[in-house]
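This note's numbering numbers the first residue of the sequence shown as 54 and each following residue consecutively.
Taking it in order: structure first as structure tokens, then the write-up.
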Amino acid sequence: MGFSYLVPSVRAVLTRDVDGVDLGLISIAPAKAGSIINAPPNVLEVLIKRGVVSLLDEDRVGSEEVLKRVWLENRAPSELRELPRDFYVRARLSMVGGDQKNVRIYAQQLRELAQLRLRKILMLLAVNPGIAESRDFLDKLTVEEEVLVKSIAPLIKDFLNALVGIQ
Numbered sequence: 054m055g056f057s058y059l060v061p062s063v064r065a066v067l068t069r070d071v072d073g074v075d076l077g078l079i080s081i082a083p084a085k086a087g088s089i090i091n092a093p094p095n096v097l098e099v100l101i102k103r104g105v106v107s108l109l110d111e112d113r114v115g116s117e118e119v120l121k122r123v124w125l126e127n128r129a130p131s132e133l134r135e136l137p138r139d140f141y142v143r144a145r146l147s148m149v150g151g152d153q154k155n156v157r158i159y160a161q162q163l164r165e166l167a168q169l170r171l172r173k174i175l176m177l178l179a180v181n182p183g184i185a186e187s188r189d190f191l192d193k194l195t196v197e198e199e200v201l202v203k204s205i206a207p208l209i210k211d212f213l214n215a216l217v218g219i220q
């Protein structure tokens, strides 16, 4: 699941009664359908595929939400909109278990959003690598985007400084 390890846990609801599940990383005690659990995204992915849990309705990221985010990002080409920290993880988990055609379309929409945001992030860093230290800027990013920014901002700063001879 890529960067999903950055989000320690996601809420989900049991879709059926369980006698207890030991998954190594976590154990689920005997519980009734409808009980809410917190688990790492990679564990939830397996449990969703097996039909044991589903995301809570309020935590799902539907195709409409992704399209809305794409539209908002396109409306302000030089401004980065805030996304919830766990947006991509919840979006990816929302795709699990769907039919292949819908999953493919959803994945394309999610990729479009990620690429649009990446272009904006790279543009902002190229203009001002120091923006990576700004809490206002970082608060607009998902956890995955923040890790990317913190890893490439020093490289961009060093590159620009080397070109003009500043150390």
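Cβ coordinates follow ideal geometry from the N, Cα and C atoms, glycine included.
Check	Outcome
Cβ of isoleucine 101 within 8 Å of any chain B Cβ	Of the protein chains in this structure there is only one, and it is not chain B.
Nearest-angstrom Cβ-Cβ length linking leucine 109 and valine 71, presumed shorter than 8 Å	Not a contact, Cβ separation roughly 17 Å.
Extent of the continuous beta strand (DSSP E) run through leucine 109	Here leucine 109 belongs to no beta strand (DSSP E), and DSSP marks it neither H nor E.
Three or more C-beta pairs below 8 Å linking the region 156-164 and the region 89-100	no
Asparagine 95, DSSP secondary structure in three states	helix
Given alanine 144 as reference, the closest of Ala86, Pro130, Ser131, Leu166 once Cα atoms are compared	Leu166
Buried or exposed by the 16-neighbour rule on C-beta atoms within 10 Å, applied to lysine 182	Just to set this straight, residue 182 is proline in the shown sequence, not lysine. Label assigned to proline 182: buried.
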